[in-house]
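Protein chains in written order, with the numbering used here: chain C, 1 to 405; chain U, 1001 to 1405.
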């Protein structure tokens, strides 16, 4: 087949993508010492067995099934009742105003929202500003839609009161013609939160240069130590028609198995997203949409408890990483990710990740998935069984010691 | 925003797409005579209340939910156990051989399969041969991926022992450089089946010109009068690496609400489809994938009964259309669609469809969704409550008489 398509799909490699490790068929790496036995932990994504879905979701799904055709065949942008409910809840959550008919779309997961939002805003050759590090699919999506990526660095080790986005680089990207800025807040993979000043500066720059912004707030409900979180959409700095915000119940709420996400904001872009949805997968799974009723309507205290449990895991893992000589890690401020930096090793990050998998039964994601320069970092999702996670990281650190330079 | 994106999304209009009619905001058309009251029937898609999902699917979903993380987070191409089961069942159904690790992918609906298959095979400027009439998304997908469409006519009124594809036009399309031929069998919207000779000729031409073929067999299980159905993939004429077949349980089995589809064939293209899935929506809904166990494993006689019920509806509607002066319709051979041609009217097809909706509470899809030239046809999905469907078509025909030229 085509050379151009071949190139395009080479860039879309998924072998190291979270969850795909079982399909890896690489050579056996340089294994040193004995295997360290222990319960397998897949840190590439959260464990919905350890942190179960919000109570009552299965019952809502069953109700949806019994509702029948109306629930199976919703409008492409999602069922009207669900959108009315969502618009009200998301407006309250973010402190903004949303018209359920114009400003909200229900998507197959937040990945679906991201795909549709980018497909609706990027044309061939468009310059797209993307944070490094950030969610690995951001870069792949920009490439798939033939955008030209301008990376904007985030100096996440240099601060503890802001994400550390290089705002000078961001302005340069806009000056160079970037039409779209895409970022996750809290940041994936580092788990840091953008400060109010950073958010306002992003909005001011985007407004000044007339750029479009996609803000991925997937993890914004799981905030540690009651840190301040700033929704860009509530700042009233940018034209709201130049902004799409993405959020979904797959993570903190553990509803991944239902494939649900939402995007809200620009009516014109949401129209386009719906048109694209019509040819991509028609709609978010119909019966699943009924589950959205539980979202932002969890039992009292449920989210708080979930946050506390995650914070306890984070704290114990942080201690271990901080105690390991030569390792650097910034504490997660929100979400379930940690992005530790390794001491100098005599194997590559790709080899290290495979060695850890073979020797300790722990699966972690290489930093290079989040930007080519992150050759000595890896990401873990610590939404896991607490004890199993701690033990797996103990094993990982022991194996790491065998490869120190 | 962009002119190029604006143009692209203008072509992707969904206002007349099945299921989207409630979002139409057009002028009130020329209404003549009284409204004809009656139960609303949405012929734009099947009614899963009239024809319920295969028995046992909800229980399988619930089992999937209780399976937990393994079911929520499958590989992007779908859970391994489901793929092993599917490969065996689809191989038996089509009379071919499939490796579950290489040749099968589970997708969010057959729409998802179609999107991924086309995204994996079309690059900008590629010539794509598409049947007229055929499923409306085929054309939209080719346009979205910047393909150049070469229409190939199907003379469906001229035959009753074959679909009537213009094979000379198809060869011309390949000669002109078409790299991909995409067709649905049974054809959507006409419900006709390609003859063994047509299928073999398509395969021979594709093999000769080295073209890729996507065969959409979505409705191939619901065949009337035991007509012969020919799976292209079982002909051993083409290189199997140049063929993808698409099928799913959304239609005859009424499992639309779970959003499930599959594609099978070319290992290289399925690899690409998985890479694309990874950025489009990650995976088909995890818990829903458990429902695939019921597919091709329905209770004895269940499919036969469903076919008989649909055939009875088809027969009664056919009689009505055939009795209407100046109307033409070819009997459905498989699936649930009829594509009648109207007598000369003094309103456009777009106006007619809106008039019918306002005056009779029946929703039908204008022929122009299936090719710009079908300005005097409309499509109905007759998978509906039998009596309600018959009454709605009675009303439609009465209203039609008011607009005769």
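By construction, the Cβ of each residue, glycine as well, lies at the ideal position given by its N, Cα and C atoms. As the structure is a computational prediction, the values presented were derived from the model and not from experiment.
Check: Exposure of residue 1379/U, with buried meaning 16 or more beta-carbon neighbours within 10 Å; Outcome: buried
Check: Cβ-Cβ separation, residue 1193/U to residue 1229/U (assumed contact under 8 Å), whole Å; Outcome: 6 Å
Check: Supposed close pair residue 1043/U, residue 1324/U - CB separation, criterion 8 Å; Outcome: About 16 Å separates the two Cβ atoms, so there is no contact after all.
Check: Selection of the segment 1274-1296 of chain U by Cβ proximity to chain C, strictly under 8 Å; Outcome: 1274, 1275, 1276, 1278, 1279, 1280, 1281, 1282, 1283, 1284, 1285, 1286, 1287, 1288
Check: Closest Cα partner of residue 1242/U within the set 1369/U, 1113/U, 1117/U, 1374/U; Outcome: 1117/U
Check: Per DSSP, the bridge partner or partners of residue 370/C; Outcome: DSSP output for residue 370/C lists no bridge partner at all.
Check: One or two residues paired with residue 1365/U in a DSSP bridge; Outcome: 1379/U
Check: Burial state of residue 205/C, where buried means 16 or more other Cβ atoms lie within 10 Å; Outcome: buried
Check: Whole beta strand (DSSP E) elements within the segment 1244-1270 of chain U, 3-residue minimum; Outcome: 1261-1265
Check: is_contact[residue 331/C, chain U] using C-beta, thresh 8 Å; Outcome: no
Check: CB contact flag (residue 188/C, residue 73/C, <8 Å); Outcome: no
Check: Integer Cβ distance of residue 1141/U from residue 1114/U, believed to fall under 8 Å; Outcome: 7 Å
Check: Helix, strand or coil at residue 1011/U according to DSSP, with G and I counted as helix; Outcome: helix
Check: Boundaries (first-last residue) of the alpha helix (DSSP H) holding residue 1387/U; Outcome: 1386-1401
Check: Limits of the alpha helix (DSSP H) - the one that residue 110/C falls within; Outcome: 109-119
Check: Cα-Cα separation, residue 396/C to residue 359/C; Outcome: 8 Å
Check: Three-state class that DSSP yields for residue 223/C in the structure shown; Outcome: strand
Check: Whether residue 1333/U touches residue 1191/U by CB criterion (8 Å); Outcome: yes
Check: DSSP three-state assignment for residue 1028/U, whether helix, strand or coil; Outcome: coil
Check: Segment contact flag, the segment 342-350 of chain C with the segment 169-183 of chain C, C-beta cutoff 8 Å, min 3 pairs; Outcome: no
Check: Separation of residue 373/C from residue 164/C, as counted between CA atoms; Outcome: 17 Å
Check: Three-state class that DSSP yields for residue 1343/U in the structure shown; Outcome: coil
Check: Inter-residue Cα distance where the pair is residue 1167/U and residue 1314/U; Outcome: 29 Å
Check: Closer than 7 Å at the beta carbon, the chain C residues around residue 1141/U; Outcome: 279
Check: Helix, strand or coil at residue 1085/U according to DSSP, with G and I counted as helix; Outcome: helix
Check: Per DSSP, the bridge partner or partners of residue 1042/U; Outcome: 1363/U
Check: With 16 other Cβ atoms within 10 Å as the buried cut-off, status of residue 28/C; Outcome: exposed
Check: Simplified DSSP state of residue 337/C, which is helix, strand or coil; Outcome: strand
Check: Neighbour flag for residue 1384/U against chain C, beta carbons, 8 Å; Outcome: no
Check: Assigned secondary structure, residue 1173/U (DSSP; H/G/I helix, E/B strand, else coil); Outcome: helix
Check: Meets three-Cβ-pair contact criterion under 8 Å: the segment 115-135 of chain C and the segment 275-295 of chain C; Outcome: yes
Check: Outcome for residue 1208/U when other beta-carbon atoms lying within 10 angstroms are tallied against a minimum of 16; Outcome: exposed
Check: Nearest-angstrom Cβ-Cβ length linking residue 942/U and residue 275/C, presumed shorter than 8 Å; Outcome: No information on residue 942/U is available, as it lies outside the stretch 1001 to 1405 that chain U covers here.
Check: Residues bridged to residue 1216/U (per DSSP); Outcome: 1184/U, 1246/U
Check: Cβ neighbours of residue 1216/U in the same chain (closer than 6 Å, five flanking residues each side left out); Outcome: 1184, 1246
Check: Residue 1221/U and residue 1355/U closer than 8 Å at C-beta; Outcome: no
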